[in-house]
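See structure below.
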Amino acid sequence: MSVSVDPVELTDRVKREARRLGFDLVGVTDPEPPPHLDVFERWLEAGRHGEMDYLSTERSLRRRADPRRILPECESILVVGANCLPGPAQNRDDSARIAAYARGEDYHAVLVERLRRLVAFIQEQTGLKDLPHRIYTDTGPLLERELAQRAGLGWIGKNTCLINPTRGSHFLLAEVMLAIRLVPDSPYPADRCGSCTRCIAACPTECILPNRTLDATRCISYLTIELKGAIPAELRSSMGDWVFGCDVCQEVCPWNVRFSRPTRDPAFQPTPALANPRPQDFLNLHPTGWRARLRGTTLLRAKRTGLVRNASVVAGNRASQEMVQPLAAVLGGDPDPVVRAHAAWGLGRIGGSGARKALLEAQTSEQDPEALIEIATALRALEDAANERARSA
Ligand code: SF4
Ligand code: SF4
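Per the numbering used here: the sequence shown = residues 1 to 393.
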């Protein structure tokens, strides 16, 4: 669409307004088809997306292959990034860990609201009240990190994050497709990971692949948020303290160590419930009251079942007797068999007479076959450990 404002001037004003609205990174690119779509398609073909079927529908693939299939009139894509690293880090040893981006308000709501205000500003500046546009956070059919690289905001690191050379990677990305021409930025020209492999070495589940993709089926972010059923037993101990998401590959990245700074944005400061929660705070999420407790946060996405399941794994990884009673309560009373199965696993990891007693009691009343298998496996693990101790005594 043609507008009377000079595109250079308009682009400048839009970028300034985006910064005023709280976006730390702002860039513009064109809506040309993404050149590296084949990497994404091979990733899907290999089944690395796990249960995230929405990524592989025919409609979503067609739209990803050409942004103009989403908005035929699109002439520019504005790509923005909001620093989401909360001020106070989780600082208690007994905290269950939550990914930095998820400790404040639900970023979807925050970013969409800000982008609506940005679009209103553009409409006012151009006089185009019905300006065709689309707003996306990470929910849309766009390869957003690739767009961000094309908009000059940074490069895609080996950990698959967009890394900005002066700000690091703790950003939430969002896009606005617009039916007007803004002046595109030059793509970010370099890959500055160089010979570094710190994220690959640090990833607890070894899921970072050599082609800058992840095996999402092993990634803790996927396991704790997207996966709905049982977490594969061989990956549970690698989850450590992560109850929602994982930041390990970002925390070790030298670009974050050097440049990343906490945001002052009130929206991304930890909500009281998520400042330093303990595993017990998730283990006792009430079947009806849990939503109210986590209202307004991204954690709702994992649902109560996912959060109690994850907390059961974290409690097991703590291997502390303090966790036995809360886990026993989950094993004996949670309505979901997947959750009870993970509580049994946690008790098997912790061991001791209290854990054994809770498992034996549950074995007499449990009806679910999968949960019964987990209980039997946990009891066997306790027996093996006792035999081992007896042998070495
Ligand atoms: Fe590995 Fe965690 Fe990064 Fe996933 S988020 S790739 S599990 S370090
Ligand atoms: Fe790149 Fe090293 Fe950062 Fe990984 S840790 S993303 S390899 S710079």
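In this text, a Cβ means the ideal position worked out from N, Cα and C, and glycines have one as well.
| query | result |
| --- | --- |
| Quick one: is residue 31 buried, meaning 16 or more other Cβ sit within 10 Å of its Cβ, or exposed? | buried |
| Could you tell me which uninterrupted alpha helix (DSSP H) segments, each at least 4 residues in length, are contained entirely in the stretch 47-99, listed from first to last along the chain? | 58-65 |
| Can you name the residues that DSSP bridges to residue 174? | 80 |
| Residues bridged to residue 155 by DSSP? | 163 |
| Would you call the stretch 325-333 and the stretch 286-304 touching, i.e. three or more CB-CB distances under 8 Å? | no |
| Going by CA-CA distance only, name the one from 97, 67, 338 and 50 that's closest to residue 274. | 97 |
| Beta carbon of residue 214: closer than 7 Å to some heavy atom of ligand 1? | yes |
| On a CA-only basis, which of 338, 354, 267 and 121 is nearest residue 82? Give me that one, please. | 267 |
| Decide if the stretch 249-261 is in contact with the stretch 157-168; the criterion is three or more beta carbon pairs, one per stretch, under 8 Å apart. | yes |
| Does any heavy atom of ligand 4 sit closer than 7 Å to the C-beta of residue 157? | Annotation note on ligand 4: not contained in the displayed structure, which lists ligand 1 and ligand 2 as its ligands. |
| So, for residue 341: in the same chain, excluding its five sequence neighbours on each side, which residues have a beta-carbon less than 7 Å away from its beta-carbon? | 230, 370, 371 and 374 |
| With DSSP as the reference, label residue 183 as helix, strand or coil. | coil |
| Tell me where the alpha helix (DSSP H) around residue 188 begins and ends. | Neither: residue 188 is in no alpha helix (DSSP H) and is coded neither H nor E. |
| What separation, rounded to the nearest whole angstrom, lies between the Cα atoms of residue 35 and residue 312? | 42 Å |
| So, helix, strand or coil for residue 134, using DSSP? | strand |
| Does any heavy atom of ligand 2 sit closer than 7 Å to the C-beta of residue 252? | yes |
| Using alpha carbons as the reference points, say which of 339, 101 and 191 lies closest to residue 245. | 101 |
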